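S.K.: Please read through the structure below; I'll follow up with questions.
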Amino acid sequence: MFLFVILDLRWYIFSTIFVFIYKLLRRVDTHALSKTNVIWLI
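Take a look at the structure:
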């Protein structure tokens, strides 16, 4: 049970960071740059 909580917390932190980076990329939208970065990430 405790292990599950740790895993869940990790996943939550990871997804929050991912969303933050994604929004940052969208904001810096100099078309070519962000599009190649997003494609590279995927």
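The numbering used here applies: residue 1 is where the sequence shown begins, and numbers increase by one.
The beta carbon of each residue, even a glycine, is placed where N, CA and C say it ideally should be.
Note that the coordinates shown come from a computational prediction; the quantities given were computed from them, not determined experimentally.
1. What separation, rounded to the nearest whole angstrom, lies between the Cα atoms of Phe-4 and Ile-13?
2. To the nearest angstrom, how far is it from the Cα of Phe-2 to the Cα of Leu-9?
3. Rounding to the nearest angstrom, what Cα-Cα distance links Ile-17 and Arg-26 in this structure?
M.R.: The short version:
1. Within the sequence shown, numbered from 1, the residue matching residue 4 stands at position 4. Within the sequence shown, numbered from 1, the residue matching residue 13 stands at position 13. Approximately 14 Å between the Cα atoms of the pair.
2. Here the question's residue 2 lines up with position 2 in the sequence shown. Here the question's residue 9 lines up with position 9 in the sequence shown. C-alpha separation (whole angstroms): 11 Å.
3. If you number the sequence shown from 1, residue 17 lands on position 17. If you number the sequence shown from 1, residue 26 lands on position 26. When rounded, the distance between both Cα atoms is 14 Å.
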